[in-house]
Amino acid sequence: MPAKTNTDDYLRMYRQMVRIRTFEDNANQLYLSAKMPGLTHMYSGEEAVAVGICEALTDDDRITSTHRGHGHCVAKGAEFKAMFCELLGKEEGYCRGKGGSMHIADQGHGNLGANAIVGGSMGIATGSALRAKLLGHDDVTVCFFGDGATAQGLMYEVMNMAALWKLPVIYACENNGYSEYTKTEEIAAGSITARAEAFGIEAHQVDGQDVLAVNALTQKLVARARKGEGPFFIELMTYRYHGHHVGDINREYYRSKDEEKDWKQNRDPIIRFRAFLVEEGIASEEEIEAMNAEIEKAAAEAVAYAEAAPYPDVSEVDMHVYAD
Amino acid sequence: MREITLSQAVNEALAEEMRRDPTTFILGEDVAEAGTPFKVLSGLVEEFGTERVIDTPIAEPGFTGIAVGAAMTGARPIVDLMFGDFIFLVMDQLCNQAAKIHYMSGGKLNVPMVLRTNMGATRRSAAQHSQSLQALVAHIPGLKVAMPSSAYEAKGLMKTAIRDNNPVVIFEDKLMYQDKAPVPEEEYLIPFGVANIKREGSDITLIATSSMVQVAEKAAETLAAEGISAEVIDPRTIVPLDEETLLKSVKKTSRAIVIDEGHQSYGVTSEIASRLNEGAFYHLDAPVVRMGALDVPVPFSPALEDITVPTPERVAETARKLCAGEMIHAA
Ligand SMILES: Cc1ncc(C[n+]2csc(CCOP(=O)(O)OP(=O)(O)O)c2C)c(N)n1
Ligand SMILES: [Mg+2]
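Now the structure itself:
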């Protein structure tokens, strides 16, 4: 692997993964200290998926996100301040506080929204790809969804059309082994990739804890999708470190501590990539520590900023129901 | 009398009916071991096993359709729809299939199923997890719709729903699961179409559904201190609707406010207000006022969300105006 030639790309990928982890650690803290309204779903553990994919995209490419959407949001170019403001329901949030954690998105970077309806964005992503084809644009749309979402009928309706019409869409299934409190094998019959293949869609399975593997595969597929060879399907094998949401603390009845420990200690995407960077001489331990510290500081500042920021004025409540 | 939570009341109703009728079973996401995210079904899988408390994939139209088919052929399924907002996903199975099959078959086929789900905002869950969509299903002939206002109603209405030969949708307020109320140990059922007069009064009638009953009761207390006597009525089921009790009350008080957490426009409040106008027009001293949720998607921000739903203060304020004759031309 020609590591040296891609130094900047690699450092950015590392940085983005750490930014996601740091964002989530702070979000969890906000929940635990009762400063965040409602619940939130942590992306920690799955960073290589969002980053590996989004680093293969341009700002013109679109994504659709899920209830577990902070990682996609950061990876597609969002800033901490507007994200924390959204999490706390503040006016300066990306959605002016109207969306919160489950609808967080930096629309300016091609994020079409996080969706609280499981599988709810599959039509949207496919529609975005149809628009690209009809209007002659060369952007690609990536549809993120979980293993649980593969149970939704909508997925099969839109994959059929995407395949018939050769749309530039990539279906990215984040298989973290669970949908809520249920193991994937209890809710998904047969193979997930085979479902896409049934429509003639080229499907791949990739180690979602390996950011370079995810990125290399996505780069290839995006380039081909731009040329009209889409759609594609990727199943990314990954793991969520926290519970289904931040309130899901006692979870041994469905997932063992040993299993969690194994993923965290032996397959962590950030630890793995950090070791690679050091080994290849791309960054020193000191440089990495400095980067981590800088990100932590930025997050702490953004949290403080969001906590002090004002809520939207009550007059905003019926604003944005209809577009002008 | 002992007090139990609304969540326990639902759990008891299901357990009792499942013991009584071996054709009943529960179908839904994370209903078995997890006992649903709200833990309402905890313990049921231990008693009835995974054959009768069935975890499904996240496939709402699919498992609702499966329930319709099972109901048509001799079972009594209870569908657990995790959030009321997901009713949009199952609309075809519920409204085109379940609701119409008895009629379309000339009365030859029945669909005795229950779809239990929830409603209610102010849980900071944003626009897709906070809606109160009872009006949508109440609009469709063939579906019955129950809206329990406490643990007592939740148990009695659930047992009636399970024994009913029609598709019944039950909306539980998700913010009330931990609210306790006196519930008898002995078995009881609450018949559909029988409203409950929660508080007697003579100046104004407050008709309220689900958690809005608490809102109306609080408003009534405030008003009582000011010398305004409010009657509070809980219809308990909006289909069938106990028009008689509502009309009788309004003819007595000559004023009414209807309160429901669904969007105000084209909603439950509109329907009940119309029936009062049609049935008691010459007895009214003021227009019947609707108080529903604001006609906006439910916002996440607490600063915005809290002003979208009726509150005791706003109900009392409106009642005061009506009693003072202020709003006679305002509607
Ligand atoms: C249509 C719909 N059904 C159910 C839910 C409740 N729910 C939220 S997340 C979730 C599990 C999703 O699992 P998966 O797709 O694997 O995503 P993950 O949470 O693992 O990232 C469920 C059942 C929902 N939000 N939308
Ligand atoms: Mg999953």
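Same order as they appear, the protein sequences are chains P and W.
7 is the number of the first residue of the first sequence in the working numbering; add one for each residue after it.
9 is the number of the first residue of the second sequence in the working numbering; add one for each residue after it.
Just so it is clear, CB atoms sit at the ideal spot from N, CA and C, and this is done for glycine as well.
Quick caveat: nothing in here was measured; it's all calculated off a predicted structure.
Problem set entry | Alpha-carbon to alpha-carbon, P:Thr13 and P:Val146 | 25 Å
Exercise. If we cut at 9 Å on Cβ distances, does P:Met7 have a partner in chain W?
Worked result: The pLDDT assigned to P:Met7 is 49, lower than 50, so where the model puts this residue is not dependable; a value taken from the coordinates is nonetheless given after this. It does not: the Cβ of P:Met7 has no partner Cβ on chain W nearer than 9 Å.
Problem set entry | 9 Å Cβ cutoff met for P:Ser134 and P:Met42 | no
Exercise. Is P:Ser127 near ligand 2, judged by its Cβ being under 8 Å from some heavy atom?
Worked result: no
For this session: Using only alpha-carbon positions, find the residue among P:Met325, P:Phe238, P:Asp319 and P:Ile288 that is nearest to W:Asp345.
Result: Coverage of chain W is limited to positions 9 through 339, which leaves residue 345 of chain W absent and any answer about it impossible.
For this session: For P:Ala169, I'd like the list of residues in its chain whose CB is within less than 8 Å of its CB, leaving aside the five on either flank, ordered along the chain.
Result: Phe205, Gly206, Ile207 and Pro237
Exercise. Over what stretch of residues does the alpha helix (DSSP H) that includes P:Val80 continue unbroken?
Worked result: His76 to Ala81
Exercise. Are P:Glu52 and P:Gly214 closer than 9 Å when you measure CB to CB?
Worked result: yes
Problem set entry | C-alpha distance - P:Gly83 paired with W:Gly128, whole-angstrom precision | 34 Å
For this session: Let me have the residue list for ligand 2: C-beta closer than 6 Å to any non-hydrogen atom, ordered along the chain.
Result: P:Gly152, P:Asp153, P:Gly154, P:Asn182, P:Tyr184 and P:Ser185
Problem set entry | Neighbourhood of P:Leu304 by C-beta distance below 7 Å, restricted to the same chain and skipping five residues each side | Note on residue identity: the sequence assigns Ala, not Leu, to residue 304 of chain P. So the list reads Phe86, once near-sequence residues are dropped.
Exercise. In angstroms, rounded to a whole number, what distance separates the CA positions of P:Met7 and P:Arg273?
Worked result: Residue placement at P:Met7 is flagged as unreliable, the pLDDT there being 49, under the threshold of 50; a coordinate-derived value is accordingly withheld.
Problem set entry | Three-state class that DSSP yields for P:Gly152 in the structure shown | strand
Exercise. DSSP three-state call for W:Ile74: helix, strand or coil?
Worked result: helix
For this session: Would you mind working out which of W:Ala216, W:Lys259, W:Ile236 and W:Leu141 sits nearest W:Thr125, comparing C-alpha positions?
Result: W:Leu141
Exercise. Cβ atoms of W:Ala227 and W:Ala327: under 9 Å apart, would you say?
Worked result: yes
Problem set entry | Residues that P:Ser185 contacts on chain W, provided the C-beta gap is smaller than 7 Å | Ile66
Exercise. What separation, rounded to the nearest whole angstrom, lies between the Cα atoms of W:Ala339 and W:Val297?
Worked result: In this prediction, W:Ala339 has a pLDDT of 45, which is less than 50 and means its spatial position is unreliable; nothing more can be read from the coordinates.
For this session: Would you mind reading off the limits of the beta strand (DSSP E) that contains P:Phe238?
Result: Phe238 to Met243
Exercise. So, is the C-beta of P:Val124 closer than 9 Å to a C-beta in chain W?
Worked result: yes
For this session: Determine the DSSP secondary structure at P:Met7, reduced to helix, strand or coil.
Result: Reliability fails at P:Met7, whose pLDDT of 49 lies under 50, so the model's placement of it is uncertain and no value is given.
For this session: Can you give me the Cβ contacts of W:Thr253 inside the same chain, cut-off strictly under 6 Å, excluding the 5 residues immediately before and after it?
Result: Ala203
Exercise. Can the beta-carbon of P:Phe279 be found less than 9 Å from the beta-carbon of P:Met19?
Worked result: yes
Problem set entry | Any non-hydrogen atom of ligand 1 within 8 Å of P:Arg376 CB | Coverage of chain P is limited to positions 7 through 330, which leaves residue 376 of chain P absent and any answer about it impossible.
Exercise. By DSSP, does W:Glu11 sit in helix, in strand, or in coil?
Worked result: strand
Exercise. Does DSSP put P:Asn121 in a helix, a strand or coil?
Worked result: coil
For this session: Have a look at W:Glu24, W:Pro65, W:Thr58 and W:Ile205 and flag the residue whose alpha-carbon is nearest the alpha-carbon of W:Glu251.
Result: W:Ile205
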